[in-house]
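Asks:
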Amino acid sequence: MSEYRPDEGSFNINGARVAIAVARWNSQITESLLQGAQRALQRHGITEDDV
């Protein structure tokens, strides 16, 4: 089993700008991945304006 714990730790992302690239292929999957990425960024303090 992996020792990776994605919910542990913290990092400073003040002033960060983020880009998310999403393929148009298989939108049922890629839209879910996009939504998950957006939720993860919001949990870490990245606003919609910074994406």
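In our numbering, the protein residues as written are 156 to 206.
Where is the CB? At the ideal position from N, CA and C, for every residue including glycine.
These numbers come from a predicted model, not from an experiment.
1. Considering only their Cβ atoms, is the gap separating residue 175 from residue 200 smaller than 9 Å?
2. At the level of alpha carbons, what is the spacing between residue 193 and residue 171?
3. Return the CA-CA distance between residue 177 and residue 196, expressed in angstroms with no decimal places.
4. Following the continuous alpha helix (DSSP H) through residue 202, name the residue where it begins and the one where it ends.
5. Would you say the beta carbon of residue 193 is closer than 8 Å to some non-hydrogen atom of the ligand SAM?
Replies: In short:
1. Annotated as distal: residue 200 and residue 175, with beta-carbon spacing of 9 Å or more.
2. Distance between the alpha carbons of residue 193 and residue 171: 14 Å.
3. Taking the CA atoms as reference points, residue 177 sits about 15 Å from residue 196.
4. For residue 202, there is no enclosing alpha helix (DSSP H), as DSSP marks it with neither H nor E.
5. No copy of the ligand SAM occurs in the structure displayed, which carries no ligand at all.
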